[in-house]
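Residue numbers (my numbering): 572 to 927. All C-beta atoms, glycine included, are put in the ideal place defined by N, C-alpha and C.
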Ligand SMILES: Nc1nc2c(ncn2[C@@H]2O[C@H](COP(=O)(O)OP(=O)(O)OP(=O)(O)O)[C@@H](O)[C@H]2O)c(=O)[nH]1
Ligand SMILES: [Mg+2]
Ligand SMILES: [Zn+2]
């Protein structure tokens, strides 16, 4: 039982915080299906929903539980009905993306993650610009990103790829795995262990669940076998937390088609570019036509990769609107362009009168 509590990540900090709640029981969210959560407790599991008060008081979807959250529930078993979740304990980290579709709402992917494995396959999934996007979001989550390059058996220029990736993630760890070559998953072991939680994130079909099965030592999660005919179909459909036999917890997530940015740490993930900008002659240099621009110089000399710089600008633009709804984004764009609604109307009037 001690081991189960450790595996569940019930650390000193969490146990202390839990003592603040009388008559409630500590649990951890292991999966979610619509409004119903699966919660693991010291002993056993139960289904639970959030309390009416919590639902009512939530200002954002991020205030609802997500897989990995530590929560306080009102019972130890659901034999007499679903449990009620009354509180979410302080989150150590939260990985947030922008939900797919038209509504730019944030969506939590997982909470209390120590290490987030950003998985990218070394076959046709390989894309440095997408990696930059994942890396920027991960750096803002509070979890430490580690890059996992999967399917190395399908790669012919491994050394070059590793070098490129290492340069892209500025010294963060880069691991190479293969599920075909035995024990390829051993690389991940140093990040796992008692009280630790790791999560796997990446496109569909890169081999996330395959790696997790290896770590679990069993085919717990459905994958597609070694067929590799995975074009466009998703195998994993829910986010789920598993306990590892050697200690610690692991979160599997469904492949993402695209990682929309809600929050990201662009400056840190492109620290090379931020550093260059400090060397521009003018502190408010726009790296456009100004003389003495260090970024332009680095681009010309090939020190800074143009595609990387363009992606930096793109991601920066995208994260500028973080956390806003579509109406707010429109207002912000108007403000950026004209300085405000009033100014926009004035500008339109002027254009109209000129065209007359
Ligand atoms: N050649 C090769 N194939 C692999 C490797 N790892 C996984 N695969 C295959 O890739 C396919 C997809 O693996 P999954 O583990 O289901 O991928 P996933 O990332 O969990 O995909 P989603 O659940 O859809 O997000 C399966 O057919 C695996 O057998 C590898 O290292 N090399
Ligand atoms: Mg999967
Ligand atoms: Zn400049």
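Own chain, CB closer than 6 Å to residue i, minus 5 neighbours either side, in chain order
| i | result |
| --- | --- |
| residue 582 | 766 |
| residue 721 | 690, 692, 748, 777 and 778 |
| residue 803 | Bear in mind that a pLDDT of 45 at residue 803, under 50, signals an unreliable position, so the number given afterwards is only what the model happens to contain. Once the five neighbours on either side are set aside, residue 803 has no close Cβ partner at all. |
| residue 659 | 636, 640 and 642 |
| residue 864 | 851, 856 and 858 |
Contacting residues, own chain, Cβ-Cβ under 8 Å from residue i (five flanking each side not counted)
| i | result |
| --- | --- |
| residue 632 | 676, 677, 678 and 679 |
| residue 838 | 845 |
| residue 735 | 699 |
Cross-strand partners of residue i (DSSP beta bridge)
| i | result |
| --- | --- |
| residue 594 | In DSSP, residue 594 forms no bridge with anything. |
| residue 643 | 597 and 658 |
| residue 773 | 690 |
| residue 679 | 667 |
| residue 609 | 602 and 618 |
| residue 820 | 768 and 814 |
Residue i burial status per 10 Å Cβ neighbour count (16 or more: buried)
| i | result |
| --- | --- |
| residue 686 | buried |
| residue 716 | buried |
| residue 834 | buried |
| residue 754 | exposed |
| residue 698 | exposed |
| residue 776 | buried |
| residue 696 | buried |
| residue 627 | exposed |
| residue 703 | buried |
| residue 739 | buried |
| residue 811 | buried |
Residue i: CB within 7 Å of a non-hydrogen atom of ligand 3
| i | result |
| --- | --- |
| residue 726 | no |
| residue 864 | yes |
| residue 881 | no |
| residue 627 | no |
heavy atom of ligand 2 below 7 Å from residue i C-beta
| i | result |
| --- | --- |
| residue 823 | yes |
| residue 664 | no |
| residue 648 | no |
| residue 721 | no |
Contact test: residue i Cβ vs ligand 1 heavy atom, cutoff 7 Å
| i | result |
| --- | --- |
| residue 671 | no |
| residue 770 | no |
| residue 732 | no |
Cut-off 7 Å between Cβ atoms - residues of its own chain near residue i, not counting five sequence neighbours on either side
| i | result |
| --- | --- |
| residue 580 | 599, 683, 766, 768 and 820 |
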